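Student: In this note's numbering, the protein residues as written are 48 to 339. From the three backbone atoms N, C-alpha and C, an ideal C-beta is built for every residue, glycine too. Treat the numbers as computed from the prediction; the structure is a model and nothing was measured. Please see the structure below; I have some questions.
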């Protein structure tokens with residue numbers, strides 16, 4: 048289960064207060080929807096919110112989630128038997144109809160430990176048409192104990208018939224300053240590094256935390272920027288060859304494209320003299336100001 052680490056203590060969500068209030072009230076009043084669609088860019092906190100919802104539903108203590116009971120600890124460790132997490136197979140890059148059928152089989156069984164089963168379908172926009180249509184049957188007639196949570200970048204990436212059967216909760220990126228303060232306060236990141244990561248994150252706190260705790264992400268950034276600068280002066284045949292190689296891995300391709308779009312945005316801002324607003328830098332690549 049990727050995303051910002053979930054401790055199981057309280058809802059454990061920084062920001063998205065309105066979404067937490069909505070879901071907490073639904074849990075307390077027993078008025079949960081049978082299906083939710085959490086939307087927002089990768090790393091904005093959709094998975095963390097889904098795990099927090101599951102913990103609140105399964106919690107055996109008070110207030111929910113308490114973070115101390117067996118259920119909360121199992122969710123935090125990713126081992127609760129009633130929390131089902133389905134994501135695209137890495138080698139195929141899509142959610143298959145076989146995965147949906149396996150999920151439907153498990154959902155047909157009553158919960159093991161809790162009153163509910165929570166099924167989270169990550170990156171549901173990558174479901175095949177056959178998989179999406181098969182899952183539609185579950186959305187139309189879910190078991191009483193099932194809570195279904197779909198995660199996707201936006202509602203437009205899914206079939207309208209899927210979206211219409213879900214309660215949509217749209218999570219928005221944070222201002223860069225809020226991400227910076229969260230990194231400094233909660234993850235003890237040095238201020239200068241936190242400012243750079245916050246700008247690179249595009250307001251996605253989960254992504255920012257991953258970068259702050261995994262040096263390899265920034266190392267890949269350096270590699271990608273080096274490739275970008277080299278390609279700018281390379282023959283067209285070399286560019287096509289590189290594009291073909293990059294296209295073999297969807298996740299890496301998206302990561303590279305996001306990085307490059309941020310770079311060329313910065314180039315345009317610098318060239319137009321609009322790289323500051325109110326005395327504050329608006330560049331994404333703050334550490335590369337001299338090369339833009």
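(1) Do residue 226 and residue 211 count as a contact pair if the criterion is CB distance below 7 Å?
(2) According to DSSP, is residue 132 part of a helix, a strand, or is it coil?
(3) Mapping DSSP to helix, strand and coil, what is residue 323?
(4) For residue 216, list the residues DSSP reports as bridge partners.
(5) Which residue comes first and which comes last in the alpha helix (DSSP H) that contains residue 317?
(6) Below 6 Å, is the gap between the Cβ of residue 85 and the nearest heavy atom of the ligand ATP?
(7) Helix, strand or coil for residue 150? Go by DSSP, reduced to three states.
(8) By a C-beta neighbour count over all protein chains shown, 10 Å radius and 16 as the cutoff for buried, is residue 65 buried or exposed?
(9) Let's see if you can read the secondary structure: which residues bound the alpha helix (DSSP H) around residue 275?
(10) Under three-state DSSP, which class holds residue 195?
(11) For the beta strand (DSSP E) containing residue 164, name the first residue and the last one.
(12) For residue 174, does the three-state DSSP call read helix, strand or coil?
(13) Tell me which same chain residues have a C-beta within less than 7 Å of the C-beta of residue 230, skipping the five on either side of it?
(14) Could you tell me which residues DSSP pairs with residue 142 in its beta bridges?
(15) With three or more beta-carbon pairs closer than 8 Å as the criterion, would you say the region 188–201 touches the region 85–96?
(16) If you pair each beta-carbon of the region 180–189 with each one of the region 217–225, do three or more pairs fall below 8 Å?
(17) Out of 112, 257, 60 and 175, which one is the CA nearest neighbour of residue 96?
(18) Can you find the residues in the same chain that come closer than 6 Å, C-beta to C-beta, to residue 168, ignoring five residues on each side of it along the sequence?
(19) Three or more C-beta pairs under 8 Å: does that hold for the region 116–130 against the region 145–153?
(20) My guess is that residue 142 and residue 105 are in contact by the Cβ rule of under 8 Å, so how many angstroms apart are they, rounded?
(21) What's the C-alpha gap between residue 83 and residue 202?
(22) Could you give the C-beta distance for residue 63 and residue 92, rounded to a whole number, given that I count them as a contact under 8 Å?
(23) Examine the Cβ distances between the region 293–308 and the region 259–271 and report whether three or more of them are shorter than 8 Å.
(24) Comparing C-alpha positions only, which one of 208, 266 and 250 sits nearest to residue 221?
(25) To the nearest angstrom, how far is the alpha carbon of residue 9 from that of residue 182?
(26) Among 239, 322, 233 and 267, whose alpha-carbon lies nearest the alpha-carbon of residue 253?
(27) For residue 53, which residues in the same chain have their Cβ closer than 8 Å to its Cβ, ignoring the five residues on either side in sequence?
(28) First and last residue of the alpha helix (DSSP H) that includes residue 61?
Tutor: According to the structure data:
(1) In the chain shown, the residue the question calls residue 211 occupies position 164. In the chain shown, the residue the question calls residue 226 occupies position 179. No, the pair does not count as a contact, with Cβ atoms beyond the cut-off.
(2) Along the chain shown, read from residue 1 onward, the residue named residue 132 stands at position 85. Of the three classes helix, strand and coil, the one that applies to residue 132 here is strand, per DSSP.
(3) In the chain shown, counting from the first residue as 1, residue 323 sits at position 276. Three-state result, residue 323: strand.
(4) In the chain shown, residue 216 corresponds to position 169, counting from 1. Paired residue(s): 85.
(5) For the purposes of this step, residue 317 is taken as residue 270 along the chain shown, with counting starting at 1. Residue 317 -> alpha helix (DSSP H) spans 297–318.
(6) As far as ligands go, the structure on display features none, and thus does not contain the ligand ATP.
(7) Here the question's residue 150 lines up with position 103 in the chain shown. Residue 150: helix per DSSP, three-state reduction.
(8) Numbered from 1 along the chain shown, position 18 holds the residue referred to as residue 65. Counting Cβ neighbours within 10 Å, residue 65 comes out exposed, since fewer than 16 surround it.
(9) Numbered from 1 along the chain shown, position 228 holds the residue referred to as residue 275. Note, residue 275: alpha helix (DSSP H), 262–279.
(10) Counted from its first residue, the chain shown places residue 195 at position 148. DSSP places residue 195 in strand when its eight states are reduced to three.
(11) As a working mapping, residue 164 is identified with position 117 in the chain shown. Unbroken beta strand (DSSP E) run through residue 164: 164–168.
(12) As a first step, residue 174 must be located in the chain shown, where it is residue number 127. In the structure shown, residue 174 adopts extended strand secondary structure according to DSSP, grouped into three states.
(13) Position 183 of the chain shown, counting from 1, holds the residue named residue 230. The answer, listed in chain order, is 236, 241, 244, 245, 255 and 259.
(14) Mapped onto the chain shown, residue 142 falls at position 95. According to DSSP, residue 142 bridges with 174.
(15) Segments in contact, yes.
(16) no
(17) As a first step, residue 96 must be located in the chain shown, where it is residue number 49. It is 60 whose Cα lies nearest to the Cα of residue 96.
(18) Against the chain shown, residue 168 aligns to sequence position 121. These residues qualify, in order along the chain: 133 and 197.
(19) no
(20) Sequence index remark: in the chain shown, residue 142 carries index 95 (1-based). Sequence index remark: in the chain shown, residue 105 carries index 58 (1-based). Not a contact, Cβ separation roughly 24 Å.
(21) Your numbering for residue 83 matches position 36 in the chain shown. Your numbering for residue 202 matches position 155 in the chain shown. Take the alpha-carbon of residue 83 and the one of residue 202: they are about 11 Å apart.
(22) Your numbering for residue 63 matches position 16 in the chain shown. Your numbering for residue 92 matches position 45 in the chain shown. 6 Å between Cβ atoms; contact.
(23) Verdict: yes, contact present.
(24) Reading the chain shown from its first residue, position 174 is the one you call residue 221. Nearest C-alpha to residue 221: 250.
(25) As displayed, the chain neither begins before 48 nor continues past 339, which places residue 9 out of reach and without an answer.
(26) Within the chain shown, residue 253 is the residue found at index 206, counting from 1. With distances taken between Cα atoms, residue 253 lies closest to 233.
(27) The count along the chain shown starts at 1 and reaches residue 53 at position 6. Any reading at residue 53 needs caution, since the residue's pLDDT is 48, under 50, leaving its predicted position unreliable; the model's value is listed next. 59, 95, 98, 99, 102, 122 and 123, listed in sequence order.
(28) Here the question's residue 61 lines up with position 14 in the chain shown. No alpha helix (DSSP H) contains residue 61, which DSSP labels as neither H nor E.
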